[in-house]
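Scroll down for the structure; my scribbles are underneath it.
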Ligand code: C5P
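Residue numbers (the numbering used here): 182 to 602.
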């Protein structure tokens with residue numbers, strides 16, 4: 182186990198073969214949102230339930246799936262994965278993997294890594310009730326418990342075999358809580374600091390207002406002017422903030438996304454004027470943070486036509502007169518002053534990104550701005566991944582890697598918490 186050089190406690194999530202493996206996808210996401218770095222190893226049986234690609238996309242890291250690396254596109258140093266981790270979570274843990282761990286058997290990737298890992302181990306068993314109560318499993322559990330291996334669950338509930346009994350894997354939220362507890366106990370020097378964990382605590386109970394998506398500026402009842410924002414980044418930020426314990430209000434322009442579960446409030450708006458009004462109203466409820474990730478239209482058609490514009494009237498060509506929209510950050514936010522409100526904006530810049538974003542941050546009175554270049558490789562509209570530069574009063578605070586937007590959202594919240602602490 183190497184000492185982490187960054188502040189993110191490193192969790193190696195080991196997934197073994199049970200139907201509960203699908204829940205481990207949510208667990209991986211919760212861990213990332215809570216500020217942990219996550220890599221995944223899977224047994225062969227686990228890959229029959231969930232594909233390694235799912236975890237790779239969620240975590241941004243290749244998934245270790247076999248001892249010889251034959252099924253990996255990139256060569257993986259498996260011992261290095263075990264060395265990398267500050268703690269290991271096995272979820273779901275089958276009776277088989279518990280038996281191997283108890284007796285030091287290392288005959289495939291997960292059991293080998295478990296044996297190569299000397300640090301804290303958390304096991305989330307999931308199995309049929311008879312297997313759980315079998316004297317062999319009971320004895321293995323006792324051996325592991327005597328070695329101070331930690332357990333979470335199993336709970337009682339619906340089992341894949343069709344009965345309701347003990348053996349169901351603990352819910353991802355319970356496993357996250359157990360990981361957090363374990364991370365707090367990591368000895369100094371083994372890991373740099375459990376800062377990310379406390380930073381995840383930073384968001385707990387904070388009122389966070391997030392805008393997302395494009396705006397539609399109506400020309401007539403059927404036509405509008407819009408932009409290519411999908412809203413993915415704002416929705417990912419909302420989801421990450423909920424996961425970190427914040428009370429989140431999401432104000433969304435027209436997008437094809439499902440609002441994350443657990444929002445305190447959701448407002449669907451069309452135009453910049455609607456969004457400005459919604460932000461103003463939501464601020465009245467005393468937001469602590471405003472994250473303006475919406476791609477707000479700077480201009481709107483100067484004259485809305487209440488009836489559909491007819492092409493035979495418009496002729497062979499026509500010009501659309503445009504007028505400035507209200508600047509939500511520049512105009513609306515300062516009119517709703519709230520002590521201690523932190524304002525975060527986004528800037529999409531294709532040249533002199535940092536210079537232009539810094540000027541914008543100051544001009545619009547933002548505390549932080551996230552600059553991104555949509556033309557850069559590994560970034561931009563429609564791209565799976567995204568890359569941002571966080572800029573504060575003193576200049577660049579952090580430059581992210583190109584990451585899946587969900588992973589990036591969690592990292593952005595951590596960086597903001599770190600910068601603001
Ligand atoms: O479009 P621009 O690059 O100026 O956007 C910078 C920030 O200002 C973004 O966070 C955006 O959401 C916000 N903005 C706004 N009102 C506008 C235009 C942009 O609040 N009319």
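Idealized CB from N, CA, C, for every residue including glycine.
Exposure of residue i, with buried meaning 16 or more beta-carbon neighbours within 10 Å
i: residue 249; result: exposed
i: residue 284; result: exposed
i: residue 592; result: buried
i: residue 497; result: exposed
i: residue 398; result: buried
i: residue 447; result: exposed
i: residue 388; result: buried
i: residue 352; result: buried
i: residue 533; result: exposed
i: residue 288; result: exposed
i: residue 495; result: exposed
i: residue 372; result: Residue placement at residue 372 is poorly supported in this model, since its pLDDT is 42, which falls under 50; the coordinates are not used for a value here.
i: residue 203; result: exposed
i: residue 541; result: buried
i: residue 573; result: buried
Residue range of the alpha helix (DSSP H) that includes residue i
i: residue 552; result: Per DSSP, residue 552 belongs to no alpha helix (DSSP H); it is in the beta strand (DSSP E), 549 to 553.
i: residue 191; result: From DSSP, residue 191 is part of no alpha helix (DSSP H) but of the beta strand (DSSP E) over 191 to 196.
i: residue 494; result: 492 to 495
i: residue 212; result: 202 to 214
i: residue 433; result: Unbroken run through residue 433 is the beta strand (DSSP E), 428 to 433; no alpha helix (DSSP H).
Proximity to residue i [Cα-Cα], best of the options
i: residue 481; options: 472, 498, 502 and 467; result: 502
i: residue 417; options: 431, 404 and 246; result: 431
i: residue 172; options: 218, 305, 574 and 573; result: Outside the modelled stretch of the chain, which goes from 182 to 602, sits residue 172, for which no answer is possible.
i: residue 586; options: 568, 303 and 599; result: 568
i: residue 521; options: 453, 601, 541 and 449; result: 601
i: residue 512; options: 396, 485, 545 and 491; result: 545
i: residue 554; options: 595, 450 and 528; result: 528
i: residue 274; options: 291, 267, 427 and 268; result: 291
i: residue 308; options: 477, 558, 420 and 199; result: 199
i: residue 504; options: 356, 400 and 365; result: 400
i: residue 348; options: 312, 359, 365 and 329; result: 312
i: residue 242; options: 584, 207, 596 and 594; result: 584
i: residue 443; options: 597, 457, 425 and 449; result: 425
i: residue 445; options: 391, 310 and 328; result: 391
Residue i - DSSP class collapsed to helix/strand/coil
i: residue 392; result: strand
i: residue 230; result: coil
i: residue 269; result: strand
i: residue 598; result: helix
i: residue 378; result: Confidence in residue 378 is poor, its pLDDT being 46 and thus under 50, which makes the residue's placement too unreliable to answer from.
i: residue 286; result: coil
i: residue 589; result: helix
i: residue 573; result: strand
i: residue 354; result: helix
i: residue 182; result: Annotation note: pLDDT 47 at residue 182 (below 50); position unreliable, coordinate value reported separately. Correct three-state label for residue 182: coil.
i: residue 321; result: helix
i: residue 370; result: For residue 370, the predicted structure reports a pLDDT of 45, less than 50, and the residue's modelled location is therefore unreliable. A value from the coordinates is still provided. Correct three-state label for residue 370: coil.
i: residue 405; result: strand
i: residue 187; result: Unreliable placement is indicated for residue 187, whose pLDDT of 40 sits below 50; the coordinate value is still reported in the next sentence. The answer is coil: DSSP assigns residue 187 none of H, G, I, E or B.
i: residue 384; result: coil
i: residue 264; result: helix
i: residue 457; result: helix
i: residue 583; result: coil
i: residue 527; result: strand
i: residue 275; result: coil
i: residue 281; result: helix
i: residue 329; result: coil
beta-carbon residue i near the ligand C5P non-hydrogen atom, thresh 7 Å
i: residue 546; result: no
i: residue 593; result: no
i: residue 295; result: no
i: residue 155; result: Absent from the model: residue 155. The displayed extent of the chain is 182 to 602, so no value can be given.
i: residue 566; result: no
i: residue 509; result: yes
i: residue 473; result: yes
i: residue 602; result: no
i: residue 541; result: yes
i: residue 412; result: no
i: residue 459; result: no
i: residue 528; result: yes
i: residue 570; result: no
i: residue 506; result: yes
i: residue 392; result: yes
i: residue 453; result: yes
Continuous beta strand (DSSP E) stretch holding residue i: start and end
i: residue 577; result: 576 to 580
i: residue 449; result: 446 to 449
i: residue 346; result: 345 to 349
i: residue 339; result: 336 to 339
i: residue 472; result: 470 to 473
i: residue 248; result: No beta strand (DSSP E) contains residue 248, which DSSP labels as neither H nor E.
i: residue 417; result: First-last for residue 417: 413 to 424, but that is the alpha helix (DSSP H), not the beta strand (DSSP E).
i: residue 505; result: 503 to 505
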